[in-house]
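Here the protein sequences come in this chain order: A and B.
According to full-length UniProt numbering, the stretch in the first sequence is residues 1 to 239, in order.
According to full-length UniProt numbering, the stretch in the second sequence is residues 1 to 630, in order.
Don't be surprised by glycine CBs; every beta carbon is placed ideally from N, CA and C.
Treat the numbers as computed from the prediction; the structure is a model and nothing was measured.
First up is the structure itself, then whatever we jot down about it.
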Amino acid sequence: MADDKDVLRDVWFGRIPTCFTLNPDEVTEREAEPYYLLLPRVSYLTLVTDKVKKHFLKVMKAEDVEEMWFEYEGTPLKWHYPIGVLFDFHASNTVLPWNITVHFKNFPDRDLLHCPSTSVVEAHFMSSIKEADALKHKSQVVNDMQKKDHKQLWMGLQNDKFDQFWAINRKLMEYSTEEGGFRYIPFRIYQTMSDRPFFQKLFRPVSPEGNTHTLGDLLNEVFPAAVPNEGVATANLPF
Amino acid sequence: MAAVTVTNGHTMTDSAGAAQRSGRVLAEGGSGGSAETWKRHIVRQLKNRDLSQHAMFQDLIRFYTQLLEKSNLAKGILSSSVRRPPADSSGLMSSLQLKKTTGELAYQVVELQQQIKIKECVLEEQHARLMEEECRLTGAFYARQEVREQVEQVKKKNGALKLEYDTLLEKQRVAETRLREAEDKGGHLLEDMIHLKQQAADRMNNLNERRSRARAMKLQKDLLSTARSKVTMDSSSSAPGSRSASPKNKVGEETTERRRTRLFRAQDPVIRLKVVKVYQGFLHFLRSASATSPRILTSIKELFDRKRRGRSVCSLEEDLMGPVGICLAARVPVRALQVLEAHEQGINAVRFSCSSDLLATGGTDRVIKLWEVRAGSMTHRTTLDGSTEGITCVEFDPTGSRVLAASYDKSALLWLLDDPVPKLTLTGHSRKVTAARFSSSFHRVVTGSADRTIRLWDLHRAACVQVAEVGSYCSDLVCSENCIISGHYDSKIRMWDTRTMNCLQEFPAQGKVTSLDISAEHRQLLSCCRDDCLQLVDLRRWSNERMCFRADGFKCGSDSTKAVISPDGCFLAAGSADGAVYIWNVSTGNLETRLPDKHSSSINAVSWSLSGEYVVSVDKSKWAILWSDI
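So, in C-alpha cells, the structure goes:
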C-alpha cells in the first residue's frame, strides 16, 4: 500500500462542487440564497452540511424547522451512503455543480434513516469497518485495536484529516505476502434499477490458478450485466 | 474505507470511470512492468477528475461564500433602517431615490462600521487601561490598608510603651523615695555605729587602763611578796651564815626588818616607784654587803629576768621543740557531755592544744576563749582579745604555749597562753585572713587570705618574709615539712615549697574547698568541699587515688566549714548544716556515727583532742558541745 500514497491522497481529497437550494415549499421570512459547497467524496452528507443548515436556518422561523434532509431530482439522498457513491450513483451525468434541494419538512421515513446526531453516523461507520475487516481478516485486526484507535479513525474521517485516518487505517489494509492478500475482497455493487439496493458476495483476491483477480474479474463474476456497457452500475469497494 | 467508484454510463462522460476502465484493462494485460503504468493511469485520471470537479469550482465557491456572508451582514443592518421609510413615504419614493439612499446608506454603513471598529479598538484600549488602573487602585488600596494596620499597630505599641513607661516612672518614684528612706536610715545607722564604736573604744581604753592598773598592782604585789620572801629566805639562809660569820649580818637583818615595815606602809601605788627604788637600793646593799651568798642573788635575779623576758619579743625557750604526744587510738564519741553557750555570737573556729586539756574557741564576737577540759567538763580559763573583728581560725603551737589566730580585720594575731593582749599582730593582707598556721620551722607562721595571697611570716622580725600570689581566694591551708598545702575557691588544692614559695603541684577538687586538715604523721590530707564530700588523699602518692566520704544528710554549711582527721588517723569528723556531727571510718569508708539533735544550727568546726578522748563541735549560734564516749 505504501507506494499507493498519491492514489490514496487523490481519492481522499476528491471534492464534488455542490449547490444547495432550499425547497421552495418551505416557509421563509425572506428569500433564501443558494449555498455552494465542495463536498468531500469520502464522507457522509450529515457530517459536512452543518454550514448549510446554519445558512438556511437564518431565514426560517424556528417553529417551522424539523429534521433536515436532502433530495436530488425527486430522489431522497441516503446519508448513510458515502457522498461519492451518492454522486456517481445519481448525478454522474449532470452538469456540475450538483444541485441538491434541502428540506426541513415532511421527512421521508420510508426511504431515509433518521440521523439525530453524529454518533449515529459514527456507529454506522464503525459497523462498516468491522464488516469489511471480518471479510479481510476474520475481524482480528479491528478487535485487537484499542478504543482510542477506533476513536482516532473516526475523528480522522470527521475532521477530514488524511494522516490521522490512515495512521490507523493502514493496519486494517495490511496483509502478509505469503497469504497473497485478504481472505475476501469487501465490496458492494449498488444498482439503480433494481429492487435490491446492492449486491454482495464472497470473492477471493486470487484465483484458484494463482492469478490475482482484477476489478474486471469481479464484475464478470458478480455482475456480468455491467461488463458489456449496459445499464448503470456502481461498484463500491470498501477498502 | 476508500470508495473507488467505477461508472459505466452510456455517455461515458465520467473521465474517472474511463480511467478505471483503462486501468483495469491494463491490469488484465498482467505484465510486471505494466503494474506501474496502470497505477500512473489511475493517478492521471484521478487528477483529471479533480480538475473538472474540484479545481474548477474551488475558487468560485469560496468567493461566493464570502460574498454571501458580506451581503448577509449588510442585509442584517439594512433591514432595520430600510424598513421604516416605506411606511413614511407610503411607497411614493421612486426606486432611483431608494437605490441612491441605499447606496449612501451602505456607504455610511461601511464608514460607520469602520468607525465602530476604531471605537471598539479605542474602547478596548480604554478597557485595558481601566483594568490596569483598577488593578493599581486595588494594589494601592491594599497598600493603604496595610499602612493603616501598621499605623494602628505602632499606635498600640506606643500605647503599651507609654503604659510601661508610666509604670516604670511610678516605680522609679517609689524606688527613689525608698532610696531616700534607706539613705536616711543608713545615715542613722552610721551615726549609731560611730556612737557604738566610740563606746567600744572607750570600753577598750577603760579595759586597757584597768589592765595596766591591774598589772601595776600585780607587780607591786609581786614586789611585796618577793620582798617578803626575800626576808624569809634571807633569814633562813642567813642562819648558817650568821652561825659561820659576821656581825654585819645582824645589821642587815635589822635593816630588812625596817624596810619591811616600811614596805608595808608603802602600800599606796603613788609611792610605788619609791618602793622600787628602795628595793633596788636594798638589792644594791645586799650585793655589796653579802658577796658570800651568791645563790640568793641569782635567785632574785632570775625572778626579775623571767619577768622581763616574758615581755620580750623572743625568748630562748621558743626555739625548743616541745614534746608531741602521739595518740594510739581515738575513741568515737557517742554522747554530749556538756553543752554550753561559749560565745556571744557564732563560733568560727575550735582547736585542742597538744596537751589535750586546753581548748581554744574563736568567734565572731572578736575574742578567743581558752577552756580547760578535765574530767568530762569544760571550764572557762581566759579570754584573749585584741582582734577588732571576728576570728576565722585558731591554732596552738606544738608546745602548746602560744595561740595563733586569723581575723576578719586583715591580720593574724599571736598570743602567749596567759597574756590576754596579743604579743604580735601580723598585718599586711588586704582582705580578711582565713587561715593562720604554724610552719614546720618553729619561728615561722603561714597565713592565707581572701586577697588571694599566701604569706610567710618570720616571728623574730615580726615581718612578712614571702608572698605567694595564688590567683584565687584561699580558704584554708596546712603545713607539712617544707611545704604548704592550700585550698581555694577555684576548686583547686595547691602545694607550695616553703623556701621558694613556688607552686609545686596543683590538683582538682570537686567544689570550693572549705577546709584542709593533715593527719598527725603528715601522711594524709583531708579536704572538705562545697559539694558535700570529704576527700582523703595520701600525700606520699599524689595519685588520683583519693577516698571520698559522703553521707545522707551531710551538707557543708558554709564556705569555711572545717573537717578534721582524728589524731590516730582512723576517723574523720565534720559538722553538717543540719546540726549533726558526722564521723566516718577511714578504713571502711563508711559513716561510723552521726551525732544529731544537739546543735540547732549549722556546725562551723569540730576538733578532736590529741588524746583521742574528746571531740568539740561549735556552731553558728554561739553553742559549743563537748562529746565523748564515756
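For residue i, three-class secondary structure by DSSP
i	result
N348 of chain B	strand
residue 643 of chain B	The requested residue 643 of chain B does not occur in the structure, where chain B is confined to residues 1 to 630.
D166 of chain B	helix
S486 of chain B	strand
F141 of chain B	helix
L219 of chain A	helix
K622 of chain B	coil
W79 of chain A	coil
S411 of chain B	strand
Q535 of chain B	strand
residue 631 of chain B	This structure leaves residue 631 of chain B out entirely; chain B is present only between 1 and 630.
Y614 of chain B	strand
D552 of chain B	coil
N106 of chain A	coil
D195 of chain A	coil
C354 of chain B	coil
S377 of chain B	strand
Identified DSSP bridge partners for residue i
i	result
R335 of chain B	B:S628
C503 of chain B	B:W496
S43 of chain A	DSSP output for S43 of chain A lists no bridge partner at all.
Y36 of chain A	A:C19
G362 of chain B	B:A349, B:I368
S475 of chain B	Paired residues: none, contrary to the question.
A405 of chain B	B:V394, B:L413
residue 631 of chain B	No information on residue 631 of chain B is available, as it lies outside the stretch 1 to 630 that chain B covers here.
Y582 of chain B	B:A574, B:R594
T382 of chain B	B:L370
Cβ of residue i within 8 angstroms of any chain B Cβ
i	result
E33 of chain A	yes
R15 of chain A	yes
D6 of chain A	yes
L38 of chain A	yes
V11 of chain A	yes
Separation of residue j from residue i, as counted between CA atoms
i	j	result
R381 of chain B	T177 of chain B	52 angstroms
Y35 of chain A	Y72 of chain A	15 angstroms
T379 of chain B	R431 of chain B	34 angstroms
V174 of chain B	K185 of chain B	16 angstroms
F223 of chain A	G156 of chain A	33 angstroms
S611 of chain B	L196 of chain B	43 angstroms
D154 of chain A	M68 of chain A	Correcting the residue type first, residue 154 of chain A is Trp in the shown sequence and not Asp. The alpha-carbon atoms of W154 of chain A and M68 of chain A are separated by roughly 23 angstroms.
F20 of chain A	G139 of chain B	58 angstroms
P108 of chain A	P76 of chain A	8 angstroms
D578 of chain B	R594 of chain B	11 angstroms
K46 of chain B	K117 of chain B	The question names Lys, but residue 46 of chain B in the sequence shown is Leu. One C-alpha to the other measures close to 46 angstroms.
K54 of chain A	Q97 of chain B	34 angstroms
C464 of chain B	S441 of chain B	15 angstroms
V581 of chain B	R402 of chain B	28 angstroms
S486 of chain B	C570 of chain B	23 angstroms
Q505 of chain B	V537 of chain B	14 angstroms
C479 of chain B	G448 of chain B	11 angstroms
T214 of chain A	P205 of chain A	8 angstroms
S558 of chain B	D385 of chain B	25 angstroms
D10 of chain A	V110 of chain B	42 angstroms
V154 of chain B	R144 of chain B	15 angstroms
N220 of chain A	S139 of chain A	28 angstroms
T192 of chain A	K201 of chain A	18 angstroms
Chain A contact for residue i (CB, 8 angstroms cutoff)
i	result
T65 of chain B	yes
D59 of chain B	no
L96 of chain B	no
K39 of chain B	yes
V6 of chain B	At V6 of chain B the pLDDT is 39, less than 50, meaning the model places this residue with poor confidence; the figure from the coordinates comes in the next sentence. So, interface residue.
L73 of chain B	no
K70 of chain B	no
L46 of chain B	yes
Residue i at chain E interface by Cβ criterion, 8 angstroms
i	result
P76 of chain A	The displayed structure is made up of protein chains A and B, and chain E is not among them.
Practice prompt. Anything in the region 88-108 of chain A with a Cβ closer than 8 angstroms to a Cβ of chain B? List those residues in chain order, please.
Written response: For the region 88-108 of chain A, the set of residues with a beta-carbon nearer than 8 angstroms to any beta-carbon of chain B comprises D88, S92, N93, L96, P97, in chain order.
Worksheet item: In chain order, what residues of the UniProt domain "Autophagy-related protein 16" (98-205) of chain B put their CB closer than 7 angstroms to some CB of chain A?
Response: Residues passing the 7 angstroms Cβ filter: none.
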